[in-house]
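Right, one structure below, let's go through it.
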Amino acid sequence: MKKRLILFVLILGALAIGVCSCKAWRTITTTATCVQQNDSTNAKTTTTISTKTVEEYQGVKK
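Taking my numbering, the leading residue of the sequence shown gets 120, the next gets one more, and so forth.
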(Lines of atoms letter the chains of each structure in order from A; the text may use other names.)
(Lines give C-alpha, C1' and ligand atoms only; values in the text may rest on other atoms or scores of the structure.)
Protein backbone atom coordinates (compact mmCIF):
# COMPACT_ATOMS: atom_id res chain seq x y z
CA MET A 120 0.00 0.00 0.00
CA LYS A 121 2.83 2.42 0.85
CA LYS A 122 4.55 1.67 -2.46
CA ARG A 123 1.39 2.58 -4.38
CA LEU A 124 1.04 5.85 -2.47
CA ILE A 125 4.68 6.77 -3.12
CA LEU A 126 4.30 5.92 -6.80
CA PHE A 127 1.12 8.01 -7.01
CA VAL A 128 2.83 11.00 -5.37
CA LEU A 129 5.81 10.70 -7.73
CA ILE A 130 3.53 10.60 -10.77
CA LEU A 131 1.61 13.67 -9.58
CA GLY A 132 4.90 15.50 -8.95
CA ALA A 133 6.18 14.67 -12.44
CA LEU A 134 2.93 15.90 -13.99
CA ALA A 135 3.05 19.13 -12.00
CA ILE A 136 6.62 19.84 -13.11
CA GLY A 137 5.86 18.99 -16.75
CA VAL A 138 2.79 21.20 -16.98
CA CYS A 139 4.26 24.25 -15.24
CA SER A 140 4.81 27.51 -17.04
CA CYS A 141 6.85 30.50 -15.99
CA LYS A 142 6.30 34.25 -15.82
CA ALA A 143 8.83 37.02 -16.18
CA TRP A 144 8.45 40.77 -15.72
CA ARG A 145 10.54 43.60 -17.13
CA THR A 146 10.26 47.21 -15.98
CA ILE A 147 11.45 50.00 -18.28
CA THR A 148 11.80 53.53 -16.89
CA THR A 149 12.55 56.50 -19.14
CA THR A 150 13.20 60.10 -18.04
CA ALA A 151 13.58 63.16 -20.27
CA THR A 152 14.43 66.68 -19.08
CA CYS A 153 14.11 69.88 -21.10
CA VAL A 154 15.50 73.25 -19.89
CA GLN A 155 14.24 76.44 -21.54
CA GLN A 156 15.92 79.77 -20.87
CA ASN A 157 14.37 83.15 -21.60
CA ASP A 158 17.02 85.50 -23.07
CA SER A 159 15.52 88.74 -21.74
CA THR A 160 14.94 87.70 -18.10
CA ASN A 161 17.43 84.84 -17.74
CA ALA A 162 14.58 82.78 -16.29
CA LYS A 163 14.87 79.03 -16.67
CA THR A 164 12.00 76.58 -16.98
CA THR A 165 12.76 72.93 -16.41
CA THR A 166 10.33 70.22 -17.50
CA THR A 167 10.84 66.56 -16.65
CA ILE A 168 8.81 63.71 -18.11
CA SER A 169 9.09 60.21 -16.66
CA THR A 170 7.46 57.06 -17.98
CA LYS A 171 7.37 53.56 -16.54
CA THR A 172 6.38 50.49 -18.56
CA VAL A 173 5.95 47.02 -17.08
CA GLU A 174 6.03 44.11 -19.53
CA GLU A 175 4.89 40.64 -18.57
CA TYR A 176 5.93 37.52 -20.43
CA GLN A 177 4.19 34.17 -20.06
CA GLY A 178 6.31 31.15 -20.96
CA VAL A 179 4.66 27.88 -21.94
CA LYS A 180 6.42 24.54 -22.03
CA LYS A 181 5.94 22.76 -25.37
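Cβ atoms here follow ideal geometry from the backbone N, Cα and C, with glycine treated the same way.
Model, not experiment: these values are computed from the prediction.
ask   = Among Thr148, Ala135 and Thr160, which residue has its Cα nearest to the Cα of Ile168?
value = Thr148
inquiry  = I'd like to check one pair, Thr146 with Gln155: are the Cβ atoms closer than 8 Å?
reply    = no
ask   = Secondary structure at Ala133, three-state DSSP: helix, strand or coil?
value = helix
query = Taking the Cβ atom as the reference point for each residue, do Ala143 and Tyr176 lie within a distance shorter than 8 Å?
reply = yes
task = Give a yes or no on whether the C-beta atoms belonging to Cys153 and Thr170 are separated by under 8 Å.
result = no
task = In angstroms with no decimal places, state the Cα-to-Cα distance between Thr150 and Asp158.
result = 26 Å
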